[in-house]
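Following: one structure in structure tokens, then a few remarks.
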Amino acid sequence: MESNPWKRMSSVLIGLLAAKAVYSAPTPTSSESATFSEKTQYPPSIQGGRVLPPQTEGVYHTELDRVGHILQKPTGTSSPGRFQAAPQILGSIGEPYPLLGWLFPGQDSSESPKPEPSASSDITTPSSTAAETATHDVVEEPTGASEPSGEQESTPQTSTAQASTSATQAVQGPMAASQDAFVPGATGAVPEAITSRDDHPVPKKGVNSSSPIETNKFHSALFLGTQTNATFTHPYTLAWSKGSGNLTSFGMTVSHAEADAVATGPTNDKIPGNPVSYYINPIGIQSIIFSATELTQSTVLTSENPSPFAADAVLRPQSGSSSKITIPVVQGMAYVSAVYTQLQPVLQSGVHFREVVNADSPRNGIFKYRATLENGAVWLIYVTPGDGKDPNLKLESSTDLRGPTGWSGTIQVAKNPAGSSGESLFDNSSGVYATAAAVSGGVDGETGTYRLTWTKAGKDAPSTPLMMYALPHHVAAFDTQTQGRAVNITLRTTTKGTAKAVIGETWTMVEPDLPTSMGFGPWVAASGNSPQLSDASKSVIQEAATTELKQDIDGQSNLNSMYYSGKALSKFATIIYTVDKLVGDSAAAAPALDKLKQAFARFVQNKQQFPLVYDTVWKGVVSSASYGGDEGADFGNTLYNDHHFHYGYFIHAAAIIGALDPSWIEANRDWVNMLVRDSGNAATNDPLFPFSRGFDWYHGHSWAKGLFESFDGKDQESSSEDAMYAYALKMWGKTSGDASLEARGNLMLGVLRRSFHNYFLMDSDNVNQPANFIANKVTGILFENKVDHTTYFGANLEYIQGIHMLPLLPSSSYVRSQKFVREEWDAMFASNASTPAEKVEGGWKGVLYANLALIDPAASWNYFAQPNFDYGSIDGGASRTWYLAFAAGEFILYILRTGNGEFSRSYILFYRTWRWLGLVIFFLPLLLSDLSIFYI
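Numbering-wise, the sequence shown is residues -24 to -1, 1 to 912 according to mature numbering (1 follows the signal peptide of the UniProt record, and there is no 0).
Put into structure tokens, the structure is as follows:
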């Protein structure tokens, strides 16, 4: 059997690392190794025993912090009338398969050759710079780990969209090859209608920067509120002690929680498998504390150099002091590093040191200690003095390891889970640390590639390799070269499975099968285009649209909420597009399009109930709603909550309006681009907005929480609205002619599909979330430190699952796999489940049945096409018109899909041959009599 050269290279590299001879890193001289003898320090005996007991129990904040979240949920619109479906159509729905010919006349199931994804696609212009009581039941950890893979299971699709002049392809077109996804847009002033304010409800304290602040990133705990909440770098957790804990220290705590410290909520017997309702990691365990003798009650913490992937946490004995500890806080860092300036260092442990070993130096100028804590954890300590002299750290007690006075240099700590082999790897990368990171990426055909690149500092930085931790979705997407640099050191993360150490300053991830051909119409992933509907199906959809377009477009969008106003505009834009391009009745759509433009103009002119303002404090465009005192108004928009949700709906509506009337684009481009700049900016040097406010290119998804202090870090409760935002960027880029924005939206969708599969939407074989939690199917609210199967507005099962469904868009079939949707439906919403969809009330019922179209479009169509339809089951941000079109569009996939996820080639050939002869009407029921050959 032929061996894999990449595996051989990986083995060689790991061997070299273990041999301490990698990347030209300096190695100890033989004389040093020969003469050194390890010395173990034990805590001195204290008469009467320990003064303080080890602190191994953490704090679990299980309550749901609803600050910034109002108890609202989608509600059905008042019934605008009843709809009588065509009897002949309803008669056919019971046997859906003969519908193929007349629902989709002229459907071309051609099989274009599909190119193999390239792991080495060039990127032309990288542009980025540098409420139940918790129990201590042990959470069931995954039994496996994701294997490195450059590909993810996906639906096959053609390499390019077929050239078409049909209405359904109005905004389709091939993307340019090797399109940079991070080309900065214009960075000029915001539109004149947007006034500025310098009195934001949250004053900017504790952060030393005049640049736009990353309000929704992981490091905001360093400057928000008490500044004592945790910062989660994955896998480590950092928090300013600020006099807390048994040691009353004022240093920076570093901790890492293993699975046996996790607490879980009660089980839910309404869900098969009885999953726990939440799991939560402890906070407040002070494993290691970076402190100094000089740090007392006058200590101040500032966040400096904040950026998308990093920030410096700086502790000073008092404000203005030149003496300080600077801790670069970087996502994925393998060591936590502290740069001391003119202080006496003290490493402390609330867990208590059992012993500290003066170990052999990994190379000249670096001094090493091996600390074992009372909980058995082993932490490596690397000390790099500025003057090169031995710091001679002394274990003065079971809690304090003290160094010399007036000392300057760097101290690094790393938890070693891998014994001597892991220690050798840590030795080889000691002395250097990451200071910042940047993302670059592009799209070539249907393949997306993105790279994370770190800058580093420290001793011998040019020749010493960096070590960083990758999350499971990174490892699964690594190209072969990056896979070869992954090593056998792993640490559990709080909510993202197991992190794996990787050597090197750059990772490259590949996302194949991007939905580049996706447009505004229902999208069939397997064929890469939208099906053309028949006159019969169009008549059903048009009758529903006639009813819904009688609704008050102006009134439904003139609200005191950017979120609900945006949803309304997006809804009507989708209805109008359906009538104009899918049904083909431009005359019926035109009056509604004019009304939609007028309603949209209210926001461009900034004349809505709560106008937008430009916030000069944190730097961004926010609703003025909370300037009156209610920080939770409009879901906390003023405090930067949910901007990608709120503004995504507006961007989506604008993309459709511009596609239907290209002359509208120019007058409205700056306003729409302002929303893009605020929520998803590509520029790293924009003086008015930060880079990528919501989307986290390390975690692979967005964070919704803004300037609200939180025990458990950032969170997101709607994966589907995250996907909506990426889809909206893609389509606005296509409509407005911004190829880079379109590429970025496509790339984000690819990354989201993978991260959702790993963390949010849990198949039965998910290996990243705890085994006793995955039967919930969706995470509910995913925090950085806990996962809670609930919502901010209620705990009904249709709420929790449904908020990860809506809005149903063409992108839904891309990010929500059929396997997952089928498992979720059967477990929760089937007729024999605990919450049958037919018994759900209100707008959530429509959401569930629209989602059903992804696996059973005939049943979905049957529900929305029924006579005397109850419009009360349609969410105010959705429409029956679109749901019918969506179900019809998914129907072709339902017919042509086989059990292994590919088209049946023989069936397609048969169908294309005989369709035109009319014999398909006779043969198709026979061919489909055994449904299992086409769909499982």
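Note that the Cβ used here is the ideal one computed from N, Cα and C, for glycine as well.
Worksheet item: CB residue 349 to CB residue 328, shorter than 8 Å?
Response: yes
Fill in: Rounded C-alpha distance that separates residue 257 from residue 791
28 Å
Worksheet item: Is the stretch 228 to 243 close to the stretch 438 to 446, with three or more CB pairs under 8 Å?
Response: no
Worksheet item: How big is the Cα-Cα spacing for residue 824 and residue 690?
Response: 28 Å
Worksheet item: Grouping DSSP H, G and I as helix and E and B as strand, with all else coil, what is residue 396?
Response: helix
Worksheet item: Does the count of Cβ pairs from the stretch 845 to 863 and the stretch 796 to 815 closer than 8 Å reach three?
Response: no
Item to complete: Alpha carbon to alpha carbon, how far is residue 475 from residue 156? Give it in angstroms, no decimals.
Response: 29 Å
Worksheet item: Whole beta strand (DSSP E) runs in the stretch 748 to 780 with 3 or more residues, listed along the chain?
Response: 757 to 759, 762 to 764
Worksheet entry | CB of residue 727 within 8 Å of CB of residue 774, strictly | no
Discussion item. For the beta strand (DSSP E) containing residue 485, name the first residue and the last one.
Written reply: 482 to 487
Worksheet item: With respect to 7 Å, is the separation between the Cβ of residue 606 and the closest non-hydrogen atom of the ligand ZN below this value?
Response: This structure lacks the ligand ZN, and indeed carries no ligand of any kind.
Discussion item. Determine whether the beta carbon atoms of residue 408 and residue 440 lie at a separation below 8 Å.
Written reply: yes
Worksheet entry | Helix, strand or coil at residue 524 [DSSP, three-state] | helix
Discussion item. With H, G and I counted as helix, E and B as strand and the rest as coil, what does DSSP make of residue 252?
Written reply: strand
Practice prompt. Put residue 194 into one of helix, strand or coil per three-state DSSP.
Written response: helix
Worksheet item: Fully enclosed by the stretch 592 to 639, which beta strand (DSSP E) runs are 3 residues long or longer?
Response: 596 to 599
Discussion item. Rounded to the nearest angstrom, what separates residue 698 and residue 275 at their Cα positions?
Written reply: 39 Å
Discussion item. For residue 645 and residue 589, I'd like the C-alpha separation in whole angstroms.
Written reply: 18 Å
Fill in: residue 494 - containing beta strand (DSSP E), residue span
No beta strand (DSSP E) holds residue 494; DSSP gives it neither H nor E.
Practice prompt. State the beta-bridge partners of residue 692 as determined by DSSP.
Written response: 758
Worksheet item: How many angstroms separate the CA atom of residue 466 from the CA atom of residue 393?
Response: 7 Å
Worksheet item: Does the Cβ-Cβ distance between residue 834 and residue 581 come in under 8 Å?
Response: no
Practice prompt. Decide if the stretch 520 to 530 is in contact with the stretch 542 to 552; the criterion is three or more beta carbon pairs, one per stretch, under 8 Å apart.
Written response: yes
Worksheet item: What span of residues does the alpha helix (DSSP H) with residue 645 cover, start to end?
Response: 641 to 656
Worksheet item: DSSP state of residue 247, grouped into three classes?
Response: coil
Worksheet item: Which residue comes first and which comes last in the beta strand (DSSP E) that contains residue 444?
Response: 443 to 446
Worksheet item: Do residue 549 and residue 629 have their CB atoms nearer than 8 Å?
Response: yes
Worksheet entry | Which listed residue (37, 166, 259) has its alpha carbon closest to that of residue 31 | 259
Worksheet entry | Host alpha helix (DSSP H) of residue 798 (start-end) | 794 to 800
Worksheet item: Taking the alpha-carbon positions, what's the residue 606 to residue 295 distance?
Response: 32 Å
Item to complete: Under 7 Å Cβ to Cβ from residue 801, same chain only, skipping five residues before and after it: list those, please.
Response: 828, 831
Worksheet item: Can you tell me whether DSSP reads residue 19 as helix, strand or coil?
Response: coil
Worksheet entry | Given 8 Å, three or more beta-carbon pairs between the stretch 381 to 395 and the stretch 298 to 315 | yes
Worksheet entry | Paired residues, beta bridge with residue 309 - DSSP | 444
Worksheet item: Taking the continuous alpha helix (DSSP H) assigned at residue 828, which residues delimit it?
Response: 819 to 828
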